[in-house]
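With the numbering used here applied, the sequence shown corresponds to residues 315 to 943, in that order.
Down below is the structure, laid out as structure tokens.
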Amino acid sequence: MAQLEGDVVYPDPSVAAGSHVPNPDALRAEALADPDGFWADRANELEWFSPWDKVLDQSDAPFYKWFTGAQVNIVHNCLDRHVKGPNKNKLALIWQSEDGNERRTFSYFSLNRRVNQMANVLKAMGVVKGDRVTIYLPRIPEVFFAMLACAKIGAIHSVIFAGFSADSLTDRIDDSKSKLVITADGSWVNGSVFPLKDIVDRAVKFSPTIENVIVVKRTGSAVTMDPLRDHWYHDLLLLPIAKGTCETEKLDSEHPLYILYTSGSTGKPKAILHTHGGYMVGTYTTLKYSFDMRPDDRWWCTADPGWVTGHSYLVYGPLLTGATTFMFEGGPTFPYPSRWWQLVEYYGITQFYTAPTAIRSLMRFGEAWPNRHDLSSLRLLGTVGEPINPEAWRWFQRVIGKERCPVIDTWWQTETGMFQITQVPGEPQKPGSAGKPFFGQDTAILNEAGEEVADGDEGFLVLKNPWPAMFRTLYGDDERYVNTYWSKYPGLYLAGDAARKDRDGYLWIIGRTDDVINVSGHRLGTAEVESALVSHPDVTEAAAVGLPHEVKGQAIHAFVTLRVGREGSQDLAEELRRHVASTLSPIAKPDAIDFPDKLPKTRSGKIMRRVLKARALGQDEGDLTTLED
315 MAQLEGDVVY PDPSVAAGSH VPNPDALRAE ALADPDGFWA DRANELEWFS PWDKVLDQSD
375 APFYKWFTGA QVNIVHNCLD RHVKGPNKNK LALIWQSEDG NERRTFSYFS LNRRVNQMAN
435 VLKAMGVVKG DRVTIYLPRI PEVFFAMLAC AKIGAIHSVI FAGFSADSLT DRIDDSKSKL
495 VITADGSWVN GSVFPLKDIV DRAVKFSPTI ENVIVVKRTG SAVTMDPLRD HWYHDLLLLP
555 IAKGTCETEK LDSEHPLYIL YTSGSTGKPK AILHTHGGYM VGTYTTLKYS FDMRPDDRWW
615 CTADPGWVTG HSYLVYGPLL TGATTFMFEG GPTFPYPSRW WQLVEYYGIT QFYTAPTAIR
675 SLMRFGEAWP NRHDLSSLRL LGTVGEPINP EAWRWFQRVI GKERCPVIDT WWQTETGMFQ
735 ITQVPGEPQK PGSAGKPFFG QDTAILNEAG EEVADGDEGF LVLKNPWPAM FRTLYGDDER
795 YVNTYWSKYP GLYLAGDAAR KDRDGYLWII GRTDDVINVS GHRLGTAEVE SALVSHPDVT
855 EAAAVGLPHE VKGQAIHAFV TLRVGREGSQ DLAEELRRHV ASTLSPIAKP DAIDFPDKLP
915 KTRSGKIMRR VLKARALGQD EGDLTTLED
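Written out as structure tokens, the structure is:
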């Protein structure tokens, strides 16, 4: 194995020898030489109702289409084909409650039965192919049932993180024109109840499109039920409408699968649209190869299904590979910092995939907590959501992986649907690096003029090749899709991240180049945070920037100007933090709030966030010639 520059961790040769990709460089070369052939071979490992005419249709770029002419349904490959084969009685999903008192397990057969029930209920309520369904559920098995049931009948699901406020929920429901909402009475968060149903009630009060709300009983909280609109899920399951098999719809490969909203710099969330065929092939292949998925694996992705990581690698990807996926309702430190490690030991987890923020938060509690537990079942570790600093990488690999588990870092986005930069287990790893482009993909680091920069220099990260799981557009806004991602460098996908490449071809992600703040792996648009602040009656103007944070990656620092007669104080700052939490989401609460007399602006009136960031960090403010007098 060739010696590489810098800090490198070389895996044991046996890791590569026993993996799906014993020679990654050879496969990269093969896939780049014939990407259509590479993806066709992967697609042929799955089942299709009818074959494709063309692997990739570029005739209307950047509106790419994959496996055109084929008929498929992702649920057929997640469930139906397993139920017909040797995986029928294999565990598909293991779930445990936050308090540890409840455990639910589902074989592929029983999960399929539950999905059939949910699909029958949806159809009975008038949901048909192409309708949008909003899912606002905690990490409970019903989120699996709901997502897969929608896909099974050709409806388009829109999962919204069960921590967003009523206003945020309203915006997303109205934008998608959802017909139905699936929620719960509440969710358990660190031993307390978060009132999901109350939030839904406020969100849909004036909705012109919502006809029904299905409510899962989770916490037993008292909730208000509209007799014409609201239905308890457990009551619906007792009705004849829920019984029997629901036929899996045969869909065009390009039929929409889901909409998922991500924050943007304009304030209006971007509605990312993914489709059945390409997304299926992409998530299946990336998980199989990067995490070396095997029939006896127990996979744990800690992400919430309200984010793309939960979609691709908690729900769809593991089921496509025929693995057993584990879902835990709670977080890493409640009631003790050993919670996750206790579960890894108890359930024999083999691959563990989480965010650097979680790793850094657990590092603070020291090594004694994980060392209490037998973590020998683990053979691979993974990180997602933000760049991982080398110190956290080393701790993860040494303390959790016992220096025998490769750490697979993954760079990708809601837009990409699947890994774009990562590695496979047998490759040398550089702590802090995202790795190399996935098979079939190629990247470039460009300057403002579109020229490739020298190795080691920073620039704009672009993806050169289309990929199967790529989003097809922004739902209802083709123009914004083109302008945001494809106009700066025509023919190349602009990722919105700064990056550099070293001499060995390893990529290093620096961070966002737009007005998006990455807090604990959650992307939040500055405009949404600012809008929440300005909605407070004492605030006239607001600006938000992301500052480095040792645990969360980035922290939100807000600058607020107040109405005449109001003065800034610690009490008001706390009040504004609570206001943002209730108006937008608890994850969006600013860590710090300053109260300047005015905000720095250009002469055209644009807030100069770079100046605010420099002031907060005590750095040089740079060129101020465009600053208004």
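For each residue, glycine too, the CB sits at the ideal point set by N, CA and C.
Looking only at its chain, what residues have a beta carbon closer than 6 angstroms to the beta carbon of A433, apart from the 5 residues adjacent to it on each side? For A433, where only same-chain residues beyond five positions count, the Cβ hits under 6 angstroms are A463, K466, I467, C560.
Kindly identify the DSSP beta-bridge partner or partners of G699. Answer is none; G699 lacks a bridge partner.
Cβ-Cβ distance between S501 and L510 below 8 angstroms: Between S501 and L510, the gap from beta carbon to beta carbon is short of 8 angstroms.
Quick check: what's the CA-CA separation for Y650 versus K582? So the two alpha carbons sit approximately 38 angstroms from each other.
Pairwise C-alpha distance: H836 and L792: Sequence check: residue 792 is Asp here, not Leu. Cα to Cα, D792 sits roughly 25 angstroms from H836.
Can you have a look at L552 and say buried or exposed, based on whether 16 or more other CB atoms are within 10 angstroms of its CB? If you draw a 10 Å sphere on the C-beta of L552, you find fewer than 16 other C-beta atoms in it, and that means exposed.
If L565 sits next to V386, beta carbons under 8 angstroms apart, how far is it from one beta carbon to the other, in whole angstroms? In this structure L565 is in contact with V386, their Cβ atoms being roughly 6 angstroms apart against a cut-off of 8 angstroms.
For S747, the three-state DSSP class (helix, strand or coil): Coil.
On the premise that G936 lies in contact with A928, defined as a C-beta separation below 8 angstroms, what is that separation, rounded to the nearest angstrom? Yes, they are in contact, since the Cβ atoms of A928 and G936 sit about 7 angstroms apart, within 8 angstroms.
Cβ neighbours of D908 in the same chain (closer than 8 angstroms, five flanking residues each side left out): Excluding sequence neighbours, D908 sits near H871, A872, F873, V874, G882, A930.
Report the three-state DSSP secondary structure of T939 (helix, strand or coil). Because the pLDDT of T939 is 49, which lies under 50, any placement of that residue in the model is unreliable, and the question is left without a value.
I'd like the list of long-range same chain contacts for L926, defined as Cβ closer than 7 angstroms, with 5 residues on each side in sequence excluded. Hits under 7 angstroms: A857, V859, F873, P914.
Could you check what DSSP says for Y667 in three-state terms: helix, strand or coil? The three-state secondary structure of Y667, taken from DSSP, is strand.
Just to confirm before moving on: does the CB-CB distance between R891 and P910 stay below 8 angstroms? Between R891 and P910, the C-beta gap is not smaller than 8 angstroms, which leaves the two residues out of contact.
Please look up how many angstroms separate the CB atoms of L788 and L587, rounded, as I've assumed it's under 8 angstroms. The Cβ separation is near 7 angstroms, so the contact holds.
Which residues mark the beginning and the end of the alpha helix (DSSP H) in which M461 is found? Its alpha helix (DSSP H) spans residues 455–467.
Reducing DSSP to helix, strand and coil, say where R923 ends up. Judged by DSSP in its simplified three-state form, R923 adopts helix.
Taking the straight line between their C-alpha atoms, what separation do you get for R543 and V447? Taking the straight line joining both Cα atoms gives about 15 angstroms.
Residue range of the alpha helix (DSSP H) that D367 falls in? First-last for D367: undefined, no H or E at that position.
Closest by CA to L407, which one among C392, T538, K744, G399? With respect to the C-alpha of L407, the residue from C392, T538, K744, G399 having the closest C-alpha is C392.
Ignore the nearest five residues each way along the sequence and tell me which others in W546's own chain have a CB closer than 7 angstroms to its CB. These residues qualify, in order along the chain: V529, K531.
Is the Cβ of M461 closer than 8 angstroms to any Cβ of chain C? Going by chain labels, chain C is absent from the structure shown, which holds only one protein chain.
Can you tell me which of H590, K866, A906 puts its alpha carbon nearest to the alpha carbon of Q884? Of the candidates H590, K866, A906, A906 places its Cα closest to the Cα of Q884.
Residue nearest to Q410 in terms of C-alpha spacing, selected from G696, G715, Y661: Residue Y661 is the option with its Cα nearest to Q410.
CA-CA distance, F785 and R428? If I take the Cα positions, the gap works out to 29 angstroms.
Quick one: grab the DSSP three-state call for H548. If DSSP states are grouped into helix, strand and coil, H548 belongs with the helices.
For G332, which residues from the same chain have a beta carbon less than 7 angstroms from its beta carbon, with the 5 sequence-adjacent residues on both sides left out? There are no such residues.
Simplified DSSP state of E844, which is helix, strand or coil: In the structure shown, E844 sits in a helix (DSSP, three-state: H, G or I).
From D756, G699, V323, residue whose alpha carbon lies closest to that of A343: Per the Cα distances, D756.
Using a Cβ-Cβ cut-off of 6 angstroms (strictly less than) and excluding sequence neighbours within five positions of P338, which residues of its own chain qualify? Same-chain partners within the cutoff: V738, E741.
Relative to the C-alpha of E729, which candidate in W683, Y572, R718 has its C-alpha closest? Taking only the C-alpha atoms, the option nearest E729 is Y572.
Continuous alpha helix (DSSP H) stretch holding L542: start and end: According to the DSSP assignment, L542 belongs to no alpha helix (DSSP H), since it is labelled neither H nor E.
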